[in-house]
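For our numbering, count along the sequence shown from 1 and bump the result up by 9.
Ideal Cβ placement from N, Cα and C applies to all residues, glycine included.
Here the structure is a predicted model, which is why all the values come from computation and not from measurement.
Each remark here refers to the structure printed beneath this line.
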Amino acid sequence: MSRLPPASWRAPAHAVPEQLGSFWSRVGLMVWALMLSPIAATAESPANYYSSVDSSTGSALRAALHALVDDHQRYPYTSTATDTWDILEEAQADPEAEGFILDVYSDRSLARQGGGNSEYNREHTWPKSYGFPNDSSQNSAYTDCHMLFLADSGYNSSRSNKPYGACDASCTEKPTGDAFDESPLPGVYPGQSNWTKAGVWETWEERRGDVARALLYADIRYEGGSHGDTGAAEPDLILTDVSALIETTPGNASVAYMGNRSTLLQWHSQDPPDEGERARNDIIQSYQGNRNPFIDHPEWVACVFSEVCGPAPVPLPMLSPAWITAWIGALILIGGSTARRIA
10 MSRLPPASWR
20 APAHAVPEQL
30 GSFWSRVGLM
40 VWALMLSPIA
50 ATAESPANYY
60 SSVDSSTGSA
70 LRAALHALVD
80 DHQRYPYTST
90 ATDTWDILEE
100 AQADPEAEGF
110 ILDVYSDRSL
120 ARQGGGNSEY
130 NREHTWPKSY
140 GFPNDSSQNS
150 AYTDCHMLFL
160 ADSGYNSSRS
170 NKPYGACDAS
180 CTEKPTGDAF
190 DESPLPGVYP
200 GQSNWTKAGV
210 WETWEERRGD
220 VARALLYADI
230 RYEGGSHGDT
240 GAAEPDLILT
250 DVSALIETTP
260 GNASVAYMGN
270 RSTLLQWHSQ
280 DPPDEGERAR
290 NDIIQSYQGN
300 RNPFIDHPEW
310 VACVFSEVCG
320 PAPVPLPMLS
330 PAWITAWIGA
340 LILIGGSTAR
350 RIA
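Have a look at this one:
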């Protein structure tokens, strides 16, 4: 969340001439804008990965992205060899605590334990009961790590196969670890908590974009047909706001639905990708060979799902500390010249 620098960090207005004070006010805002800009902080996706993508229309972009992310390398759900446990524990490693993972719903740092532990398990953001319940050796959707997250076992059970949606203060609260360190404290909606009721799960505000992009990915990755390498049938997974369409399937289905589409689009806008989500995307690609394009290009969501297309913003380079220091130094020289002219 972007915040302006505290007042105590700013020089008092009487410390410099009015013109120079105005100058440094502008400099301060520019520096903070650069430091907090999500574009400036975004690393580029792998070279040429999206070079073939046509983003001129929603249908063209959907077709191009499906072709790009389709037919990924499948890993087993559970195995003595590399499996989804290994990939997810690497992808959700706590950057501040070696040997720990960060749970998607409770946001707790939990000791890495591997499969079969009682603390956390694997959450299908698109519930497997909606279209692909059978874990066959060729069921790509069941083990697709772009759609899987490690989650607190109790929270995963509480979420069950509920569609994502908006809750209110009458819902049952499922607080995060952050909820006890923030204002308002647990008990005040929405705070830093997940909320749930019959048929609805509202993810807490700092991970709702992550789960939304996982499902938006599923919508373009799985469009029916069969896997190009294995020949295995794949479901057509479709996001919808029509709750009557969202139902369990007794076996792997040709078409399946999940929602709520409008809520997920809103969450995508409210919670843009951060460094942790981008790092997760990199790690999963290193195994599966495909990426979630909506993490790399959030602007493509509007094009694919709302037909609001246009030229992509020109990416800025990564701003290293050395670059920022040099840039500020140049501004100081300019400021000094300005001060001398004022004097």
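By alpha-carbon positions, which one of the options ends up nearest to residue i?
| i | options | result |
| --- | --- | --- |
| Pro-55 | Ala-253, Ala-221, His-306, Cys-318 | His-306 |
| Ala-242 | Arg-117, Glu-128, Asn-143 | Asn-143 |
| Asn-261 | Phe-158, Ser-138, Gln-275, Glu-99 | Ser-138 |
| Pro-259 | Ala-106, Gly-140, Pro-244, Ala-288 | Gly-140 |
| Gly-218 | Val-62, Glu-286, Leu-254 | Glu-286 |
| Gly-124 | Ala-90, Glu-105, Asp-103 | Ala-90 |
| Arg-216 | Cys-154, Pro-282, Ala-106, Ala-311 | Pro-282 |
| Cys-312 | Ser-61, Asn-57, Ala-69 | Ala-69 |
| Gly-186 | Gln-279, Pro-195, Arg-117, Val-62 | Arg-117 |
| Pro-244 | Ala-253, Gln-275, Glu-232 | Glu-232 |
| Ser-278 | Glu-308, Glu-284, Gln-122 | Glu-308 |
Alpha carbon to alpha carbon, how far is residue i from residue j?
| i | j | result |
| --- | --- | --- |
| Glu-256 | Ala-207 | 14 Å |
| Ala-366 | Trp-94 | The requested residue 366 is not part of the displayed model; the chain covers only 10 to 352. |
| Ile-96 | Tyr-296 | 8 Å |
| Ile-110 | Pro-85 | 21 Å |
| Phe-314 | Val-264 | 18 Å |
| Asn-269 | Val-317 | 20 Å |
| Ser-115 | Val-78 | 30 Å |
| Arg-289 | His-75 | 20 Å |
| Val-6 | Asp-228 | Because the chain is modelled from 10 through 352, residue 6 falls outside the range shown and cannot be assessed. |
| Cys-180 | Leu-246 | 28 Å |
| Ser-169 | Leu-159 | 14 Å |
| Trp-276 | Ser-235 | 31 Å |
| Pro-195 | Pro-320 | 43 Å |
| Ser-88 | Ser-162 | 20 Å |
| Ala-253 | Ser-167 | 21 Å |
| Pro-154 | Ile-304 | Correcting the residue type first, residue 154 is Cys in the shown sequence and not Pro. So the two alpha carbons sit approximately 14 Å from each other. |
What would DSSP say about residue i, mapped onto helix, strand or coil?
| i | result |
| --- | --- |
| Thr-249 | coil |
| Asn-203 | strand |
| Gln-294 | helix |
| Val-313 | helix |
| Ile-255 | coil |
| Trp-213 | coil |
| Tyr-231 | coil |
| Ala-221 | helix |
| Tyr-266 | strand |
| Ala-242 | strand |
| Pro-302 | helix |
| Glu-182 | strand |
| Thr-66 | coil |
| Arg-83 | coil |
Using a Cβ-Cβ cutoff of less than 6 Å, which residues in the same chain neighbour residue i once the five nearest sequence positions on both sides are dropped?
| i | result |
| --- | --- |
| Thr-239 | Gln-147 |
| Gly-298 | His-81, Gln-82 |
| Val-220 | Thr-134, Thr-212 |
| Tyr-164 | Tyr-114, Ser-115, Lys-183 |
| Arg-35 | In this prediction, Arg-35 scores a pLDDT of 44, lower than 50, which makes its location untrustworthy; no coordinate-derived value is stated. |
Give me, in chain order, the residues of the same chain whose beta-carbon lies closer than 8 Å to that of residue i; leave out the 5 immediate sequence neighbours on both sides.
| i | result |
| --- | --- |
| Leu-224 | Thr-134, Trp-135, Met-156, Tyr-173, Leu-248, Met-267, Leu-273 |
| Pro-199 | Cys-176, Glu-211, Trp-213, Glu-214 |
| Glu-99 | Ile-292 |
| Ala-66 | Here residue 66 is Thr; the residue named in the question, Ala, does not match the sequence. Within the same chain, Thr-66 has close Cβ partners Cys-312, Glu-316, Cys-318. |
What does a CB cutoff of less than 7 Å around residue i pick up in its chain, not counting 5 residues either side in sequence?
| i | result |
| --- | --- |
| Leu-119 | Phe-109, Ile-110, Asp-112, Glu-128, Tyr-129 |
Next on the checklist: Just to confirm the assignment: which complete alpha helix (DSSP H) runs, minimum length 4, are found wholly within the region 135-180?
Outcome noted: 162-168
Item to check | Segments of 4+ residues assigned as alpha helix (DSSP H) that fall wholly inside the region 88-143 | outcome: 93-100
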